[in-house]
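Quick note on numbering: full-length UniProt numbering labels position 205 of the sequence shown as 205, and the sequence is numbered without any gaps.
All residues carry an ideal CB built from backbone N, CA and C; glycine is no exception.
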Amino acid sequence: MTNQAYPMAVVTQDSLDSYIRSVNSYAMLTAEEERELAERLYYDGEIEAAKGLILSHLRFVVHVARGYSGYGLPMADLVQEGNIGLMKAVKRFNPEVGVRLVSFAVHWIKAEIHEYVLRNWRIVKIATTKAQRKLFFNLRKSKKRLGWFNNGEIETVARELGVEPSEVREMESRLAAQDAAFDMSSSDDEDSSPSYSAPMLYLQDKASDVAENLEAQNWEEHTNNRLNLALSSLDDRSQHIVRSRWLDDQKSTLQDLAETYGVSAERIRQLEKNAMKKLKLAVGEF
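In structure tokens form, the structure reads like this:
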């Protein structure tokens, strides 16, 4: 199951608006219709059944991808990566598990988009070390086994995950503050179905790790908070340069900013370089 097999799942930036209108025109499946198609795919390998499952869930991919729009990456690319996750989920979906495809697919969709963001957004790479990511995605599993940590358990977890004990304490505190997010609803997308908006609805999925999905979402929110705090430590001009060059949808060139501030493009490049150095340091402090 590849993109070439499903040209309707290929997105470009120029055609994004028409693509969204197109995917919203596909009717959502009832539970009975979805199960029938899933069985035809699962037991008979019917490609048309896979096509029907994918088409009816493309609007959900757009809904998820919009949650990652703050990284300044092309929305078309985010949607495309999410579509890859959807196709992987459809290929692996077992109708006998007894859950809706959307509950199963959300993990695959977010996983593909999350990896794309980490590969392509350099500020995230600066803020996210391998050890920190390993700590974040494994600490909740360790807490299920150990409960609230004492000093000895903190040392054990830090040694197992290859991080400092202080990082374990900080992450434990942050995770404890985020536990209430399971039943928090979102209504920021008026085109989306209400059945897609509440993360608590995904808890019925026995085939994927819902906690891991929410941990990834929490990590995204935490990264955004650290970046915003780091940006606030810069002067107004440096903030504007960084946002214009890296974060805005319509990015500015060095020459554009040089004309704005009445200096040379080389001077803007130097200011940008200095600002990025300060961001690295500031992100590490928060």
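{"Item": "Could you name the residues of the same chain whose beta carbon sits closer than 7 angstroms to that of S252, not counting the 5 residues immediately before and after it, in chain order?", "Value": "S244, R245"}
{"Item": "Touch check for the region 231–238 and the region 271–281: three-plus C-beta pairs under 8 angstroms?", "Value": "yes"}
{"Item": "For L271, which residues from the same chain have a beta carbon less than 8 angstroms from its beta carbon, with the 5 sequence-adjacent residues on both sides left out?", "Value": "R237, S238, I241"}
{"Item": "Hey, quick one: how far does the alpha helix (DSSP H) through L37 stretch, first residue to last?", "Value": "31–44"}
{"Item": "Go to S22, then tell me how far its alpha helix (DSSP H) extends in each direction, as first and last residue.", "Value": "16–24"}
{"Item": "Here's the rule I'm using: 16 or more other beta-carbon atoms within 10 Å means buried, otherwise exposed. How should R122 be labelled?", "Value": "With a pLDDT of only 47 at R122, under 50, the local geometry of the prediction cannot be trusted, and no value is derived from it."}
{"Item": "Out of G72, Y68, N150, which one is the CA nearest neighbour of I113?", "Value": "Y68"}
{"Item": "Taking its Cβ as the centre, do 16 or more other Cβ atoms sit within 10 Å of G98, making it buried, or is it exposed?", "Value": "exposed"}
{"Item": "How far does the alpha helix (DSSP H) with W108 in it reach, from first residue to last?", "Value": "101–120"}
{"Item": "My output table needs one value for L86: the three-state DSSP class, helix, strand or coil.", "Value": "helix"}
{"Item": "Apart from the five residues on each side of it in sequence, which residues of its chain come closer than 6 angstroms, Cβ to Cβ, to L29?", "Value": "S56"}
{"Item": "From the DSSP output, in three-state form, read off A282 for me.", "Value": "helix"}
{"Item": "Closest to K51 by CA distance: which of Q217, D235, L37 is it?", "Value": "L37"}
{"Item": "If we require 4 or more residues per run, which alpha helix (DSSP H) segments fall completely within the UniProt domain \"RNA polymerase sigma-70\" (253–279)?", "Value": "254–261"}
{"Item": "Out of curiosity, what's the CA-to-CA distance linking M87 and N120?", "Value": "22 angstroms"}
{"Item": "Please look up how many angstroms separate the CB atoms of A258 and I268, rounded, as I've assumed it's under 8 angstroms.", "Value": "5 angstroms"}
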